[in-house]
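Just so you know, the sequences run in chain order A and B. Under this note's numbering, the first sequence has 46 at position 46, and the numbering climbs by one with no breaks. Under this note's numbering, the second sequence has 84 at position 84, and the numbering climbs by one with no breaks. Think of the CB as a built atom: it goes at the ideal place given N, C-alpha and C, for glycine as much as any other residue. Note that the structure is predicted; figures quoted are calculated from it, not measured.
2 protein chains.
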Amino acid sequence: MLSKKTKYGLKALTFIARTGSDVPVQVGEIAKGEHIPQKFLESILLTLRKAGILGSKKGKHGGYYLRKDPSEILMTEVMRVLEGPIAMVPCVSLNFYEKCDDCPDEDSCSVNKLMIQVRDSTLEVFKNTSLKDLSER
Amino acid sequence: MLSKKTKYGLKALTFIARTGSDVPVQVGEIAKGEHIPQKFLESILLTLRKAGILGSKKGKHGGYYLRKDPSEILMTEVMRVLEGPIAMVPCVSLNFYEKCDDCPDEDSCSVNKLMIQVRDSTLEVFKNTSLKDLSER
DNA sequence: GCAAACCCTACTAAATCGATAGGATTAATA
DNA sequence: TATTAATCCTATCGATTTAGTAGGGTTTGC
Numbered sequence: 001m002l003s004k005k006t007k008y009g010l011k012a013l014t015f016i017a018r019t020g021s022d023v024p025v026q027v028g029e030i031a032k033g034e035h036i037p038q039k040f041l042e043s044i045l046l047t048l049r050k051a052g053i054l055g056s057k058k059g060k061h062g063g064y065y066l067r068k069d070p071s072e073i074l075m076t077e078v079m080r081v082l083e084g085p086i087a088m089v090p091c092v093s094l095n096f097y098e099k100c101d102d103c104p105d106e107d108s109c110s111v112n113k114l115m116i117q118v119r120d121s122t123l124e125v126f127k128n129t130s131l132k133d134l135s136e137r
Numbered sequence: 001m002l003s004k005k006t007k008y009g010l011k012a013l014t015f016i017a018r019t020g021s022d023v024p025v026q027v028g029e030i031a032k033g034e035h036i037p038q039k040f041l042e043s044i045l046l047t048l049r050k051a052g053i054l055g056s057k058k059g060k061h062g063g064y065y066l067r068k069d070p071s072e073i074l075m076t077e078v079m080r081v082l083e084g085p086i087a088m089v090p091c092v093s094l095n096f097y098e099k100c101d102d103c104p105d106e107d108s109c110s111v112n113k114l115m116i117q118v119r120d121s122t123l124e125v126f127k128n129t130s131l132k133d134l135s136e137r
């Protein structure tokens, strides 16, 4: 299941991208427009800023803005920041690999093989979808 | 993330399929062979039996067996029984659909569109993989 | 200097996960 | 028929994660 954090984060990014300008967008505005609890959204946008996807401006007329062109912000990056590993099991994760404690041999593990296929097909979708694509729908 | 329940369930099914016979396989045997806590595995196999994927025989020399040929047991079915919805959000789930409380309009929701793509590509993998495929690896 | 915005830490209620415990029931067999 | 070995079933539990909330601190524009 996709966490609310990720879902809200994607909606917020789309919201910002859709304004189409470099003027910072305020948290309150996004929260209202997308029906997201403001305080929760604050922490999500903070995560996205720390990851380098968003920039921020403090004080009056402050807010958040995109640090790259929407077409250059890929879902692989966004999903990894918000949701963590794309793979369904750590033992097939490219960026967050971890060995299973059960399972002495990955090569003979049927789950491993299946989950590699799922990972690759999901990755294909995320790799080929940018924030620009999201915001144009 | 894939739950341990699902992971263990898949391994157990693979184990049973690999015996290649109709003789019931005991829980203890599977637990030992796949390094799964026996009591936990018991409850998982019970779930699979109630879903009609496994059959069971009680008493001495009892155990679990497949109710269909491995080639007819598809990952779509197994995953839905063990893990629940294949979709990452309920609003794009085919078998467990639910409307989002935020999000007034699904058609204009960027998350919705993205998750439909992910669902379809994952579904494609599960639809084309049977227990026979798993057990032959 | 004050109001409006982001920044940061800590806390919490609820749900889920990964088991474990303890026995009830059933079936083969000696 | 008694024993034993297996599945069946319910309940409980500690740890973790999730989805927030609370309460300010800090910075900036006017």
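- DSSP, read as helix, strand or coil, puts Ser-21(B) in coil.
- At least one CB atom of chain B sits nearer than 8 Å to the CB of Arg-137(A).
- DSSP lists Tyr-64(B) as the beta-bridge partner residues of Ser-56(B).
- Considering only Asp-133(A), Thr-6(A), Met-1(A), the residue with the shortest C-alpha distance to Ser-71(A) is Asp-133(A).
- Neighbours of Glu-124(A) in chain B, taken as residues at a C-beta separation under 9 Å, are given in chain order as Ser-121.
- Scanning its chain for C-beta atoms nearer than 7 Å, with the 5 sequence neighbours on each side dropped, one finds around Gly-33(B) the residues Phe-15, in chain order.
- Neighbours of Asp-102(B) across chain A, judged by C-beta separation under 7 Å: Glu-34, His-35, Ile-36.
- Beta-bridge partners assigned by DSSP to Leu-74(B): Ser-130(B).
- Residues of the segment 11–28 of chain A with a C-beta atom less than 8 Å from some C-beta of chain B are Lys-11, Thr-14, listed in chain order.
- The DSSP-derived three-state label of Ser-93(B) is coil.
- For Glu-83(A), the three-state secondary structure derived from DSSP is coil.
- Of the other Cβ atoms in all chains shown, fewer than 16 fall within 10 Å of the Cβ of Gly-20(B); this residue is therefore exposed.
- When only Cα atoms are considered, Gln-26(A) and Ser-43(A) end up about 13 Å apart.
- In this structure, Thr-6(B) sits near Leu-82(B), with a CB-CB distance shorter than 8 Å.
- Boundaries of the alpha helix (DSSP H) around Ala-31(B): 27–34.
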